[in-house]
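> Residue numbers (the working numbering): 777 to 1094. Positions of the beta carbon are idealized from the N, C-alpha and C atoms, including for glycine. Got a structure for you, questions after.
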Ligand SMILES: Nc1ncnc2c1ncn2[C@@H]1O[C@H](COP(=O)(O)OP(=O)(O)OP(=O)(O)O)[C@@H](O)[C@H]1O
Ligand SMILES: [Mg+2]
């Protein structure tokens, strides 16, 4: 993993937004997918402006665990946290890793994206956190994806945010629940809700590392300074080994100058912690939510599936 460097997000977006792509975003989405590469001095540059580094397929693991816990975190809504949790998880499992996905958002979108109807569940991660009599194994679901299990959530979890305030060791509640499972998995991915409240602090306290999905959009860097500040505080006060594993640029549109400009500024601001892998904007992702499947299953040869597999290789290597 990379060494943690407290970062200040610079005020990079001072000007007015660039014009929308001709024909609008929808028209752009309907054109065929394109991979954004450029030849310079004999090497192929990826969308980050860095040479594309080919990462070989990771060797299989001989036995599972102890798990590395990664929090997928950004308090900005709709940046691709849940989509990335599902598809990174499914891709890690394709490489033989055992993966536990934790839905830590009362909206339950991760559960829905894996074909589980949260409102039909009697017990969720909320019960494992709040009730001593409920064991985490009792709320564990096996998903339709080989090697991927799920701790689901639903709207009940929103009560935990309030109820935990009065608890002793409130920030360590998720960590306590996950501990008995860590030996069985290689990766635990925690899908955070879009806020920096107590649930997210719990995820950061339980985590070894953070992955920050960042939409390639004009205002996406607004608020990153506050997120970095929160991560730094959790590291100082609750979890000294917390590390930023990487920033993942999502919803990149290679056809627009706007996306390229945002990408360039993200790389300028955060440097090497930005993953080489960039996730393009495509209607394929909303389709997968409806299908309740990861893109690696729904459209295994699509650019999106290839990109998340590459991200999995980067995560395994970091
Ligand atoms: N690369 C992409 N291209 C196009 N649409 C995408 C992409 N990634 C995600 N989406 C869509 O954008 C919406 C928001 O994505 P997602 O739910 O993953 O974000 P989130 O950060 O988890 O949101 P929230 O903050 O509400 O939890 C969803 O409808 C999803 O299908
Ligand atoms: Mg989400």
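(1) From residue 982 to residue 878, what distance separates their C-alpha atoms?
(2) Should the segment 928 to 940 be regarded as contacting the segment 894 to 905, the criterion being three or more beta carbon pairs within less than 8 Å?
(3) From residue 1015 to residue 1075, what does the alpha carbon distance come to, in whole angstroms?
(4) If the criterion is Cβ atoms closer than 8 Å, does the pair residue 862 and residue 891 meet it?
(5) Touch check for the segment 971 to 979 and the segment 834 to 844: three-plus C-beta pairs under 8 Å?
(6) Strictly by DSSP, which residues pair up with residue 848?
(7) Can you have a look at residue 903 and say buried or exposed, based on whether 16 or more other CB atoms are within 10 angstroms of its CB?
(8) Residue 938 lies in the alpha helix (DSSP H); which residues open and close that run?
(9) Quick check for students: name the residue ranges of the alpha helix (DSSP H) that lie wholly in the segment 870 to 898, counting only runs of 4 or more.
(10) Can you list, in chain order, the residues of its chain whose CB lies under 7 Å from that of residue 940, leaving out five sequence neighbours each side?
(11) Would the beta-carbon of residue 924 fall within 8 Å of that of residue 866?
(12) Can the beta-carbon of residue 1030 be found closer than 8 Å to that of residue 857?
(13) Which residues does DSSP list as the beta-bridge partners of residue 921?
(14) Is any heavy atom of ligand 1 found at a distance shorter than 7 Å from the C-beta of residue 986?
(15) Where DSSP assigns a beta bridge to residue 1022, which residues make up the other side?
(16) Using a 10 Å radius around the Cβ and a threshold of 16 neighbouring Cβ atoms, would you call residue 922 buried or exposed?
Per the coordinate set shown:
(1) C-alpha of residue 982 to C-alpha of residue 878: approximately 12 Å in a straight line.
(2) Contact between the segment 928 to 940 and the segment 894 to 905 is present, because at least three Cβ pairs lie under 8 Å.
(3) Approximately 38 Å between the Cα atoms of the pair.
(4) The beta carbons of residue 862 and residue 891 sit no closer together than 8 Å.
(5) No contact exists between the segment 971 to 979 and the segment 834 to 844.
(6) BP columns for residue 848 point to 967, 987.
(7) With 16 or more other Cβ atoms within 10 Å, it is buried.
(8) In this chain, the alpha helix (DSSP H) harbouring residue 938 covers 933 to 939.
(9) If we require 4 residues or more, the alpha helix (DSSP H) runs fully inside the segment 870 to 898 come out as 885 to 889.
(10) The beta carbon of residue 940 sits closer than 7 Å to the beta carbons of 946, 949, 974 from its chain, once the five residues preceding and following it are set aside; these are given in chain order.
(11) Less than 8 Å separates the beta-carbon of residue 924 from that of residue 866.
(12) Not a contact, by the Cβ cut-off of 8 Å.
(13) None; residue 921 has no bridge partner.
(14) No, the Cβ of residue 986 stays beyond 7 Å of every heavy atom of ligand 1.
(15) Beta-bridge partners of residue 1022 (DSSP): 987.
(16) Classification for residue 922: exposed.
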